[in-house]
Ligand SMILES: Cc1ncc(C[n+]2csc(CCOP(=O)(O)OP(=O)(O)O)c2C)c(N)n1
Ligand SMILES: Cc1ncc(C[n+]2csc(CCOP(=O)(O)OP(=O)(O)O)c2C)c(N)n1
Ligand code: SF4
Ligand code: SF4
Ligand SMILES: [Mg+2]
Ligand SMILES: [Mg+2]
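Protein chains in written order, with our numbering: chain A, 1 to 276; chain B, 277 to 552; chain C, 553 to 1119; chain D, 1120 to 1686.
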């Protein structure tokens, strides 16, 4: 623990490629703030991502990072955490990365409940590839030439899917409120198990209309749901703009602790079994 | 419509490779029974599958069939239905195929709501590869050497995930009751939109304990849920052995009907736009 | 003789609108009968970063990237260094730039032809919504001798959806810019009067796909292929087809297979990472004999690599990326206009031969915009395999290797397509003879087919030949012209058909040659090794392989070839 | 001289337990100092279908599939036709079969040495839980001269978890079977007394992975690789590692990369379809320089193909299946025992060279069980790249091309690994010089490394050589022995290292040869084209490529080579 570090000390010296006004800056700020708040050791922190504007974030933090391929950040992060349980592992990426191409890993990570954090930076669009609809885009979102009449498909509900898949901590934050987001990230890190933070993070370039989120987003007044029925009633009906810790539950993390330390001669023993 | 055809007339002359006593035989019977019941034209029926014991089914039905690769049957089926809306398209496969490797397509098919049927033949195991745990295997299922202490992961809840993802028809059937299953398949075909039938189908070889399902499975007494809250309350709490139509909802199918027929000279018009 | 050309770079910070300026200039130039190419370059910023419009106006329709710029119009110098790899200046370069911004030393050290103008001030004083890019457009149009009215009209068309004052401002600025135009001695390529198209390679491919009968597209966005898809979305709607934005490339290719199984020709477009995800199911297309066409617009690799730059490094995966023995078609458009022919041909071949066709385009061909003549179409019509009969066997062994393909709805031909090895009927089989026969059938139908003369474009003569594919073609052809000027006769063989490799035709095209230089834009000499592995060369083989991101240089190719000849 | 051998097929319907019979027989044979191989064959039924234990008892440790059977023990003849491809009988074959089941004409037409016995009746009368397979075991053990007590003990060990009466019945049946054993003139290979292992290639690979330091395995089940994984699950637990059963192969390979990034050596195992899904992320391993080892146990292709049979048709995808220029390691174990050395070496090379290593095994090597001597280990220890210093650059350009690899937790070396092209620090870069340098670095570290003598196994001498890899090796070596008997001296070069191809070493091994026959088990001549494309041969190259599902035949290889020599 190094209490002396400030949020800015957790930033690397690489200049983000993001558009001015992009919500992802706030997520970066929130992450470094949470790091500073918890006094995390930079050397024992790893950020893992896929591909997208959002997924560029790890390089902007002065920690270890892995910028993988599109949609697979969660898998990399899970492998890392299982191999190195003492590290703080945060996976992050966009809505396209996490809910479209990476949707399967999202569900299975929720079930598996490895002790790590996943921050989905949701701007309801594929920013990096110049503004196509993502699974969370409104049905009637008309701004992409690829779907000129809108995607016409019911939007993906990240919190509902996370709940149905077995996530044990679900929160929501908004790029317009990085302080709250920092607090949520810190809570997510401290939750034992898989913590899913749905971070609304506007894409100013392809979805300027998201500036309206400011007036829609509100902090959830009630405490976090602790029973899935209660949470389901929320997640199936909400518009998706309530922020805060939405749901928490305790369930055994995976993998279970291994019993005794391996025997010195374990390898020889294994080989010996093949002798006839 | 050819009312004269019986269930057996819908069977091909290829002998299934399934083990004696495999639940998949019952699913085959139920499908052919449903075909006969609806008097479907064999030539306008297509069964599409992935890879697994269950996915071998299309060849055993005397219709058009596509036996694709592991986990991608739903994608093939959706492409087919969009291209040929007048066909009856049924995708099917196992729990490994549909919920593990194919989980992403499952979620997105539920959202997309193309008018087709998906039958997941769930035996809570990878039969074809000799008995490893699948996403629906019990946490403490000890029979696979790959997971000697059990998978240790909360089982995947197909109905809950389908609901959270936006499926508009969810039913459950059991290989022990092929007549009921036939009726459900017929209903699923007639439902306008994506119909998901969770078909419990025991693997006698790798999960002999599933013979107990006989005494656990029961027909749902109540009518199908029509509101997602009601359905969520069921799917998040059940053990998963209630059969019948569990949930129905009406939502626009995708793709929306296209307006007018294309102009004869549409291609020329398109080319003309490039002239300077 | 190497053709006359004029190269113009227009640079500016994000928002300066230099790309629009370049587009409108090229359109006006094309409308006036000129020929030319526009490439776009961006800094790493997603939006709002620096950008450059890189124009090359030419005499003929042979488009390579400019190696040296005759004219640089700089709206500002912010992050200009970003483009140093791309914009090469010489002592002859004329620089026209904003007078308020100091010229970087790197530039003033190179050239003394520097004209400074008060772009910003003039734009502001012309109209309150006046923009510097329109001023530059007028200025450049004037320099090129283009009618100002035409520039104004094209600008107005581009701005139709904007409020009136914007259009007004644009017109005023264009006229003002024309008036500001400095005297210059630019050597401007001649123009002629034929009808012209203004189009990118990706658009050409999309159009050709529809013309060849594609009615279902399923795809997942990826740079630099997305713009084909975006064009196709509108195009398909017009012709009564469907586009599905899939959740990933795995779904995309399989949706295509579903549609094709249903008898509806299907197409997808992607780039390296997406192609990698599709290979398992391309193998399924091969084994189940389901037609599908995949446009792969190559970008810098490996892995995520350099997504916005061109390279020809996906040749290996396109040829050999499937597990098992999975013979299929690989074709490459030779240039922007040829995206029409090659894509159309690929679709028709895939349909006829019931297999997967990979079209290897690249970012340079795909995303550059050019003025082209009415492009050649692929007009081949291949007969459908004889109609299915009563005792229908989906995978019947035939002389050609092609079996009749029934589709759902066809009466009495029910079968199950299978990616498992199967017998003639389609029933899964692990029998030795079924495996041998079906493997042989799937290979034979491709190798026994007569591809005619379209397999490549051969030009020139001499004892030295260059062989390449796709966007190397124009670079090789220009290099050959340069060599011809030095008195070195060189043949150029640009391969359109890469797999199956037209060994005999290629051998014939090279006969009499003593040296062959294989030209390609990658690091691993992928084409070189492939050609060497597939056929016996009487010639000495050399490799000229240079990866991206900088476009292949005809000058350097020519030097290298001259070197080989000297040996 | 070709070695003495005895081949035994034991067939029966599902539930007859012929596989157990074969396993126990081979174990007892091995314990008694014999050598031999057991292959298993199954009909298409998932369970309960017919199966066959195919044994070949040999003098030396060179294991090829039997081409002809000396002894067939048939518990019944149900669906016997299923195995006609696999079990070749001759006039000398001794058939021992159940007297109640009529011998098929196909069999009685071939051989007259048929002994019928009342297997079923004897089993039943010996014990109420008596089984015919134990009867057959006793009988076969006796024929081979094995101690009955040893058979009984091995059977009891196998049945530990069964209730007492089962073990009792087994012992009684074994003893009864021994008593029933008919007199025979079988020519039994000699045995010797060394310590022996009873192991499959997949188990060898698993053990070697752990011995080389693998501590995380993430994988998705697939035939014929799953048994490696199943063995590793237990093995990892013993050594304190972790196995993750992933949701698919995309997750599996990426979980491996995560662990490897964390400094924990990681491994996955798959087969063709799974490898196809992994290629995008293998490219990521290459670009980000993250070590990972992938065991690919080849099966019949393309697509789902023939999952339970062997083939060497994934060579193409293993070598060239990545998009972009993605040089990596490809190695192939030469036989069952060599799975230990080659897998161990692959893991160590992948770790040291910070890249992906694909180990190309196959179903034959992977799933056959054999008696082997204590296998050679890979004992190389590669020095770790010099420890990270204060100004740590993850992708520093070094002479060897290998940069120091820091892992999370290492103080002060923080960096972000990236699949985007990057500079030495790891910062994404589209600069020309960064791309050239990093491409060159990633290639150079592989090609400049000294692989020493382990690149292959060379034997024999002569002007003709056979070159092959993996499970072709033993077939080539046996073919060479046959040719030697005919007075034709032949060299055999079995390649363990396929990429980077050890061109110089291979050339040296072939020097003086005039003819080279490239031997492989696939349809597309994949190795032939690869070798031809990668190096210059002074020799005339020939291809002997025969796909599965039938194992490569040393007899046919020898004939073909003799033919080439005759020319
Ligand atoms: C396999 C693959 N397919 C497609 C792409 C192209 N691609 C890059 S980023 C991206 C989507 C980014 O959207 P999101 O994850 O929401 O991030 P954002 O840019 O909006 O922050 C896509 C489709 C890719 N890199 N790899
Ligand atoms: C890409 C790929 N990975 C793995 C496999 C191996 N495989 C074949 S079937 C199967 C699972 C089958 O389980 P399920 O879908 O539940 O069907 P079941 O056999 O139980 O009916 C697996 C893992 C494969 N064929 N392809
Ligand atoms: S495109 Fe959108 S998501 Fe990407 S950097 Fe710009 S504002 Fe942010
Ligand atoms: S293994 Fe199981 S699922 Fe497969 S055929 Fe046998 S009983 Fe059915
Ligand atoms: Mg996004
Ligand atoms: Mg199953």
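We put the beta carbon where it would ideally sit given N, CA and C, even for glycine.
Under the three-state DSSP convention, the category residue i falls into
i	result
residue 2 of chain A	With a pLDDT of 49 at residue 2 of chain A, under the threshold of 50, the modelled position of this residue cannot be trusted; read the value that follows with caution. If DSSP states are grouped into helix, strand and coil, residue 2 of chain A belongs with coil.
residue 1199 of chain D	helix
residue 1292 of chain D	helix
residue 1680 of chain D	helix
residue 1364 of chain D	strand
residue 1235 of chain D	strand
residue 1541 of chain D	strand
residue 1108 of chain C	helix
residue 650 of chain C	strand
residue 527 of chain B	coil
residue 214 of chain A	helix
Nearest candidate by alpha-carbon position, reference residue i, set the options
i	options	result
residue 1585 of chain D	D:1236, D:1614, D:1561, D:1648	D:1614
residue 169 of chain A	A:133, A:274, A:118, A:145	A:118
residue 1360 of chain D	D:1332, D:1368, D:1369	D:1332
residue 218 of chain A	A:116, A:67, A:245, A:192	A:245
residue 1012 of chain C	C:1031, C:624, C:996, C:674	C:1031
residue 1040 of chain C	C:1100, C:1099, C:1057, C:1115	C:1115
residue 667 of chain C	C:650, C:889, C:1051, C:680	C:650
residue 1111 of chain C	C:1036, C:743, C:565, C:1051	C:1036
For residue i, the first and last residue of its enclosing beta strand (DSSP E)
i	result
residue 397 of chain B	392-398
residue 1663 of chain D	1659-1664
residue 610 of chain C	603-610
residue 1490 of chain D	1488-1491
residue 519 of chain B	518-524
residue 537 of chain B	It is not in any beta strand (DSSP E) - residue 537 of chain B carries neither H nor E in the DSSP assignment.
Cβ-Cβ distance between residue i and residue j below 8 Å
i	j	result
residue 340 of chain A	residue 131 of chain A	No statement about residue 340 of chain A is possible, as the shown extent of chain A runs from 1 to 276 and does not include it.
residue 1177 of chain D	residue 1150 of chain D	no
residue 344 of chain B	residue 836 of chain C	yes
residue 907 of chain C	residue 813 of chain C	no
residue 428 of chain B	residue 254 of chain A	yes
residue 719 of chain C	residue 879 of chain C	no
residue 1165 of chain D	residue 294 of chain B	yes
Host alpha helix (DSSP H) of residue i (start-end)
i	result
residue 99 of chain A	Per DSSP, residue 99 of chain A belongs to no alpha helix (DSSP H) and is neither H nor E.
Exercise. Name the residues in the region 240-258 of chain A whose C-beta lies less than 9 Å from a C-beta of chain B; which are they?
Worked result: Flagged, chain order: 251, 252, 254, 255, 256.
Exercise. If contact means a Cβ-Cβ distance below 8 Å, which residues of the region 1539-1568 of chain D contact chain B?
Worked result: Residues of the region 1539-1568 of chain D with a C-beta atom less than 8 Å from some C-beta of chain B do not occur.
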